[in-house]
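*Asks:* First to last, the sequence lines map onto chains A and B. The first sequence begins at 1 in the working numbering and counts up one residue at a time. The second sequence begins at 1 in the working numbering and counts up one residue at a time. First, the structure itself, so that you have it in front of you.
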Amino acid sequence: NAGVTQTPKFQVLKTGQSMTLQCAQDMNHNSMYWYRQDPGMGLRLIYYSASEGTTDKGEVPNGYNVSRLNKREFSLRLESAAPSQTSVYFCASSRGDGSYNEQFFGPGTRLTVL
Amino acid sequence: DQQVKQNSPSLSVQEGRISILNCDYTNSMFDYFLWYKKYPAEGPTFLISISSIKDKNEDGRFTVFLNKSAKHLSLHIVPSQPGDSAVYFCAASVTSGTYKYIFGTGTRLKVLA
Chain A
1 NAGVTQTPKF QVLKTGQSMT LQCAQDMNHN SMYWYRQDPG MGLRLIYYSA
51 SEGTTDKGEV PNGYNVSRLN KREFSLRLES AAPSQTSVYF CASSRGDGSY
101 NEQFFGPGTR LTVL
Chain B
1 DQQVKQNSPS LSVQEGRISI LNCDYTNSMF DYFLWYKKYP AEGPTFLISI
51 SSIKDKNEDG RFTVFLNKSA KHLSLHIVPS QPGDSAVYFC AASVTSGTYK
101 YIFGTGTRLK VLA
């Protein structure tokens, strides 16, 4: 049981390049999330998907797009990377069944934009 | 506008003593709170939660206290162990059906052997 997996683990991009961060969960969870973690800023929500087929903006969505490909997978795309997007990105999932429950996090992707 | 605040960036405690991590929030609509623990190069892992209908929740060495009137929660770890050294995040949510959580900035706990 892998939980939440993310690829790649590390990535270096040049300004203006694009890339997609992949996330998959095998817990049959309805809800999925993308966060970024920056020093002194904690975890900030970029986008989330409350259920398959829906996506919504979080606190810091500018410069990102997401796709909920199916119940298992939720990808995050940077169309034109900027140095301000240098960060550690975490994907998370939760049951999303109408009751409060914790989020399970992946190991993170460390992205550097030069 | 930081709705969830952890004002202590770091904390050092001797092994065996109590660790107290604090969290303040500004949104009175928050009604569910969680604590996460994060080791370097890993994702956060869930530690303990509390609903606003309670003022205390215990799980082994970990206890979370909620003071709604002060909009304050705290995590107590007793006794502290070197393996507890990590960054701790508090998070809060409202009953809106969106399952979104707002995270604090984290407190780095170091337990000294």
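Quick reminder that beta carbons are idealized off the backbone N, C-alpha and C, glycines included.
Does A/ALA92 come within less than 9 Å of chain B when only Cβ atoms are used?
*Replies:* Within the first sequence, residue 92 of chain A is the residue found at index 92, counting from 1. It does; some Cβ of chain B falls within 9 Å.
*Asks:* Using a Cβ-Cβ cut-off of less than 8 Å, give me the residues of the region 39–53 of chain B that come near chain A, in sequence order.
*Replies:* ALA41, GLU42, GLY43, PRO44, THR45, PHE46, SER49 and SER51
*Asks:* In its own chain, which residues sit with a C-beta less than 6 Å from the C-beta of A/SER80, not counting the 5 before and 5 after it?
*Replies:* Taking the first residue of the first sequence as 1, we reach residue 80 of chain A at position 80. Cβ within range, chain order: GLY16.
*Asks:* Please give the ranges of any beta strand (DSSP E) in the region 61–111 of chain B, keeping only runs that are unbroken, at least 3 residues long and fully inside the region.
*Replies:* Every beta strand (DSSP E) of 3 residues or more that sits fully in the region 61–111 of chain B is shown, in chain order, as 62–67, 72–77 and 86–93.
*Asks:* With a threshold of 6 Å on Cβ separation, who are the neighbours of B/SER49 within its own chain once the five nearest residues in sequence on each side are excluded?
*Replies:* Along the second sequence, one-based indexing puts residue 49 of chain B at 49. Sequence-distant partners of B/SER49 (beyond 5 residues in either direction) whose C-beta falls short of 6 Å from its own C-beta, in its chain, are LEU34.
*Asks:* What does A/GLN11 pair with, by DSSP beta-bridge criteria?
*Replies:* One-based indexing of the first sequence puts residue 11 of chain A at position 11. Per DSSP, A/LEU111.
*Asks:* So what does A/ALA92 bridge to, in DSSP terms?
*Replies:* If you number the first sequence from 1, residue 92 of chain A lands on position 92. The partner list for A/ALA92 (beta bridge, DSSP) reads A/TYR33 and A/PHE105.
*Asks:* What three-state label does DSSP hand B/GLN14 in the structure shown?
*Replies:* Counted from its first residue, the second sequence places residue 14 of chain B at position 14. Of the three classes helix, strand and coil, the one that applies to B/GLN14 here is strand, per DSSP.
*Asks:* Of the choices A/GLU73, A/VAL88, A/GLN6 and A/LEU43, whose alpha-carbon is the least far from that of A/THR55?
*Replies:* Position 55 of the first sequence, counted from the first residue, corresponds to residue 55 of chain A. Considering only alpha carbons, the answer is A/GLU73.
*Asks:* With distance defined between alpha-carbon atoms, name the residue in A/PRO8, A/ASP26 and A/GLU102 nearest to A/MET19.
*Replies:* Walking along the first sequence from the start, residue 19 of chain A turns up at place 19. Out of A/PRO8, A/ASP26 and A/GLU102, A/PRO8 has the C-alpha closest to the C-alpha of A/MET19.
*Asks:* Say whether chain A places a C-beta atom closer than 9 Å to the C-beta of B/ALA91.
*Replies:* As a position in the second sequence, residue 91 of chain B is number 91, starting the count at 1. Judged by the 9 Å Cβ criterion, B/ALA91 is in contact with chain A.
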